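Peer 1: This is the structure I want to talk about, given as structure tokens.
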Amino acid sequence: MQPSRQGGIIGMITERDTEHIGQLADIAIHREELASFTSRFNEILEYFDLLDQVEVVEEVEERAYNILREDEVTPSLSQEEALSNAPGNEDGFFKAPRVM
Amino acid sequence: MPGHTVSFHPDDRYSAFLRTVAEAPCGEGKLGGIRVAVKDNISTAGIETTCASRILQGYIPPFDATVVKRLKREGAAIVGKTNMDEFGMGTTTENSAFGPTQNPVDPSRVPGGSSGGSAAAVAAGIVPLALGTDTGGSIRCPAAFCGIVGLKPTYGRVSRYGLIAYANSLEQIGPMAANVTDASLLFEVIAGHDPRDSTSLDCPYRHIPDPEIRGVKIGVPEEFFGEGVDPRVASVVWDAISLLERKGAEVITCRMPSMAYALAAYYVTCTSEASSNLARFDGVRYGPPADTKRPWHEAFQERRREGFGEEVRRRIMLGTFALSSGYYGKYYAKAQAARNNVRADFERLFREVDVLAGPTMPTVAFRFGEKSDPLSMYLSDILTVPANLAGVPAISVPCGKVERLPVGLQVMGRWMEDERVVDVAYAFEQGGSA
């Protein structure tokens, strides 16, 4: 994403940027929340600027791995169980808002 | 005693629980008939599990998390689900959508977070054991604030299957209890390999705490007593370290330069992971419904605005921003470099010392509302996040008080040496007697 930076101090995000991030994250932000979200973001992002100075001193081996298993079918949820928490379902399918 | 139940009608005056089970099934085993409380981000078949969020209200998991299965296998009675900061995002339990929990030591103060309900349930004597989860201190902080023991295990030692994910690369489920022996027993029951968690290690824990610490080298990084640490807390913790020295441990002061940016690295990493993990909450598969008459994005956005609290929305958006093109290099990539440097610091120090010790939290428990500014709340996690970034074990054990409020001693160990941090905590708990 390329935020506009219009009307903001360099390095600061604007209310328009906040609105755009909300869109990307699929979280609606109401008009009256924009100012406070934006100022909080700027405080936090200013703190994150500490990371600018970081350089890797010595590469260290990663200890956590994803260990993959054989692709074998094992017991899992039944269709009924999988649908048991869905607020709407039809003919064994999840019911979702329209895409188009 | 298959078919038996335990009655549970607690006086929950501190609001530790989101819901309780009046007649909880139990069996025989290492925890036969013992009441255990479970944090509400851990799936319990047939018992509503919400992560203290409105977006999961009414969700009843059709399966048990592996840790819950393991508890049941050893006869434990799962008596209730405990309050927490929504999705684990907080340091006070004030971010619960269903209201805060009080600290049993002083109800005008927070219990810490995010596993505040589990800590309060143990501290109030309602249950002897509880499960918490720790992404950046969420077991150790409330343990310290409520005056109990909490262990964040080595990453991979406890299965995360059935834990509703917030930041996968950082979080672990761990035990909370009134004393080290009980915490150790609960850890024994939940640890072990699980093929359903791809990061699970085959390294069970079978250990009886041993208070003998003669010759153990304890490193004390100067940064753990740096700016922001209450001098009264520092003094109580130094007294605790001196006691370990009198018991035969060798205390060595050292430096951990990566502490300068560990917190920033942690918050960039956890918010980035959260932005991806929490994308699944869309009102289609669980939770209150999205409006299916409206277009997808519109319905989705409105559902999420209503369903998530302010802090959760803030973290999802911060993570989305940190991962977005044009900013990925400045935030996420730098945070991973910083994380590497934290690991490098631990590895270097652990060539010279066996454990690291310092305060768990920079202060005693906050008053309600004291940390209303998000950044100041984040900063209070500075001493707990390094262990999560490196995946090493860390325990908090009560070590004294400042004006009647508990202080926690934190002991961190080498990767996979959970046994040793348990032993050092146990040695302290046994006091001058050994």
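Chains A and B, in that order, are what the protein sequence lines are.
In this text, residue positions in the first sequence follow this note's numbering: the first is 17, and each later residue adds one.
In this text, residue positions in the second sequence follow this note's numbering: the first is -3, and each later residue adds one.
The beta carbon of each residue, even a glycine, is placed where N, CA and C say it ideally should be.
Note that the coordinates shown come from a computational prediction; the quantities given were computed from them, not determined experimentally.
Considering only DSSP beta bridges, list what VAL70 of chain A is partnered with.
Peer 2: Taking the first sequence and counting its residues from 1, the one referred to as residue 70 of chain A is at position 54. Answer is none; VAL70 of chain A lacks a bridge partner.
Peer 1: With the cut-off set at 8 Å, would you say GLY305 of chain B and ALA163 of chain B are in Cβ contact?
Peer 2: Counting from one through the second sequence, the residue named residue 305 of chain B turns up at place 309. Counting from one through the second sequence, the residue named residue 163 of chain B turns up at place 167. No, the Cβ-Cβ distance between GLY305 of chain B and ALA163 of chain B is not below 8 Å.
Peer 1: What does the alpha-carbon distance come out to for the pair ALA353 of chain B and ASN58 of chain A?
Peer 2: The residue you call residue 353 of chain B lines up with position 357 of the second sequence. The residue you call residue 58 of chain A lines up with position 42 of the first sequence. Distance between the alpha carbons of ALA353 of chain B and ASN58 of chain A is about 34 Å.
Peer 1: Which one or two residues does DSSP pair with SER376 of chain B in a beta bridge?
Peer 2: If you number the second sequence from 1, residue 376 of chain B lands on position 380. For SER376 of chain B, which the question treats as bridged, DSSP gives no partner whatsoever.
Peer 1: In chain A, which residues lie less than 8 Å from ARG301 of chain B when you measure between Cβ atoms?
Peer 2: One-based indexing of the second sequence puts residue 301 of chain B at position 305. Simply ILE43, ALA44, ILE45, HIS46.
Peer 1: Against MET313 of chain B, what residues of chain A qualify as contacts under a CB-to-CB distance less than 9 Å, listed in chain order?
Peer 2: Reading the second sequence from its first residue, position 317 is the one you call residue 313 of chain B. THR34, ILE37, GLY38, LEU40, ALA41, ILE43, ILE45, PHE53, PHE57, listed in chain order.
Peer 1: Between the segment 355 to 363 of chain B and the segment 391 to 408 of chain B, do at least 3 Cβ pairs fall closer than 8 Å?
Peer 2: The segment 355 to 363 of chain B vs the segment 391 to 408 of chain B: in contact.
Peer 1: Checking 8 Å against the spacing of the C-beta atoms, do VAL118 of chain B and ALA174 of chain B come in under that value?
Peer 2: The residue you call residue 118 of chain B lines up with position 122 of the second sequence. The residue you call residue 174 of chain B lines up with position 178 of the second sequence. For VAL118 of chain B and ALA174 of chain B, yes; Cβs fall inside 8 Å.
Peer 1: Which chain B residues sit within Cβ distance under 8 Å of LEU66 of chain A?
Peer 2: Here residue 66 of chain A corresponds to residue number 50 of the first sequence, with the count starting at 1. Per Cβ cutoff of 8 Å: ALA256, TYR257, ALA260.
Peer 1: Looking at chain B, which residues of the segment 81 to 114 of chain A have a Cβ within less than 8 Å of any of its Cβ atoms?
Peer 2: Taking 8 Å as the Cβ-Cβ cut-off against chain B, the residues of the segment 81 to 114 of chain A that qualify are TYR81, ASN82, ILE83, LEU84, ARG85, LEU93, GLU97, ALA98, SER100, ASN101, ALA102, PRO103, GLY104, PHE110, LYS111, ALA112, PRO113, ARG114.
Peer 1: Among the residues of its own chain, which have a CB less than 6 Å from the CB of PRO253 of chain B, if the five just before and after it don't count?
Peer 2: In the second sequence, residue 253 of chain B corresponds to position 257, counting from 1. Answer for PRO253 of chain B: no residue qualifies.
Peer 1: Based on the DSSP output, what are the partners of VAL216 of chain B in its beta bridges?
Peer 2: Within the second sequence, residue 216 of chain B is the residue found at index 220, counting from 1. VAL216 of chain B pairs with B:THR249.
Peer 1: In chain order, which continuous runs of the alpha helix (DSSP H) of length 4 or greater are located wholly inside the segment 73 to 134 of chain B?
Peer 2: The qualifying runs are 112 to 119.
Peer 1: Which partner residues does GLU19 of chain B have in the DSSP bridge list?
Peer 2: Taking the first residue of the second sequence as position 1, residue 19 of chain B is located at position 23. Answer is B:SER3, bridged to GLU19 of chain B.
Peer 1: With distances taken between CB atoms, is the gap from VAL145 of chain B to ALA179 of chain B smaller than 8 Å?
Peer 2: Working through the second sequence from its first residue, we reach residue 145 of chain B at position 149. Working through the second sequence from its first residue, we reach residue 179 of chain B at position 183. For VAL145 of chain B and ALA179 of chain B, yes; Cβs fall inside 8 Å.
Peer 1: In whole angstroms, give me the CA-to-CA distance for GLU218 of chain B and LEU27 of chain B.
Peer 2: Here residue 218 of chain B refers to the residue found at position 222 when the second sequence is read from its first residue. Here residue 27 of chain B refers to the residue found at position 31 when the second sequence is read from its first residue. Distance between the alpha carbons of GLU218 of chain B and LEU27 of chain B is about 41 Å.
Peer 1: Comparing C-alpha positions only, which one of B:ALA423, B:ASN337, B:VAL280, B:ASP350 sits nearest to PRO113 of chain A?
Peer 2: The count along the first sequence starts at 1 and reaches residue 113 of chain A at position 97. For the residues B:ALA423, B:ASN337, B:VAL280, B:ASP350, the minimum Cα distance to PRO113 of chain A belongs to B:VAL280.
Peer 1: For ARG114 of chain A, which beta-bridge partners are listed by DSSP?
Peer 2: To locate residue 114 of chain A, count along the first sequence from 1; it is residue 98. Partner(s): B:PRO291.
Peer 1: Looking only at its chain, what residues have a beta carbon closer than 6 Å to the beta carbon of SER271 of chain B, apart from the 5 residues adjacent to it on each side?
Peer 2: Along the second sequence, one-based indexing puts residue 271 of chain B at 275. Contacts found: ILE312, GLY315, THR316.
Peer 1: Using the three-state DSSP reduction, which class does ASN337 of chain B fall into: helix, strand or coil?
Peer 2: Here residue 337 of chain B is taken as the residue at index 341 of the second sequence, counted from 1. ASN337 of chain B: helix per DSSP, three-state reduction.
Peer 1: State buried or exposed for MET(-3) of chain B, treating a residue as buried only when at least 16 other CB atoms are found within 10 Å of its CB.
Peer 2: Looking up residue -3 of chain B in the second sequence gives position 1. Low per-residue confidence applies at MET(-3) of chain B: pLDDT is 48, beneath 50, and the placement is therefore not dependable, though the value from the model is reported in the following sentence. Burial call: exposed.
Peer 1: Measure the C-alpha to C-alpha separation of ARG66 of chain B and ALA161 of chain B and round it to an integer number of angstroms.
Peer 2: The residue labelled residue 66 of chain B in the question sits at position 70 within the second sequence. The residue labelled residue 161 of chain B in the question sits at position 165 within the second sequence. Looking at the two C-alpha atoms, the distance is approximately 19 Å.
Peer 1: For HIS293 of chain B, count neighbouring C-beta atoms within 10 Å of its own C-beta (all shown protein chains included) and say buried if the count is 16 or more, exposed if not.
Peer 2: One-based indexing of the second sequence puts residue 293 of chain B at position 297. Label assigned to HIS293 of chain B: exposed.
Peer 1: Start and end of the beta strand (DSSP E) containing LYS397 of chain B?
Peer 2: Within the second sequence, residue 397 of chain B is the residue found at index 401, counting from 1. LYS397 of chain B -> beta strand (DSSP E) spans 390 to 398.
Peer 1: Using 8 Å for Cβ pairs, my map puts GLY54 of chain B next to GLU44 of chain B. What's the rounded Cβ distance?
Peer 2: As a first step, residue 54 of chain B must be located in the second sequence, where it is residue number 58. As a first step, residue 44 of chain B must be located in the second sequence, where it is residue number 48. That pair is a contact at about 7 Å.
Peer 1: From the DSSP secondary-structure annotation, give me the bridge partner or partners of LEU147 of chain B.
Peer 2: Translated into the one-based positions of the second sequence, residue 147 of chain B becomes position 151. Its beta-bridge partners are B:ILE391.
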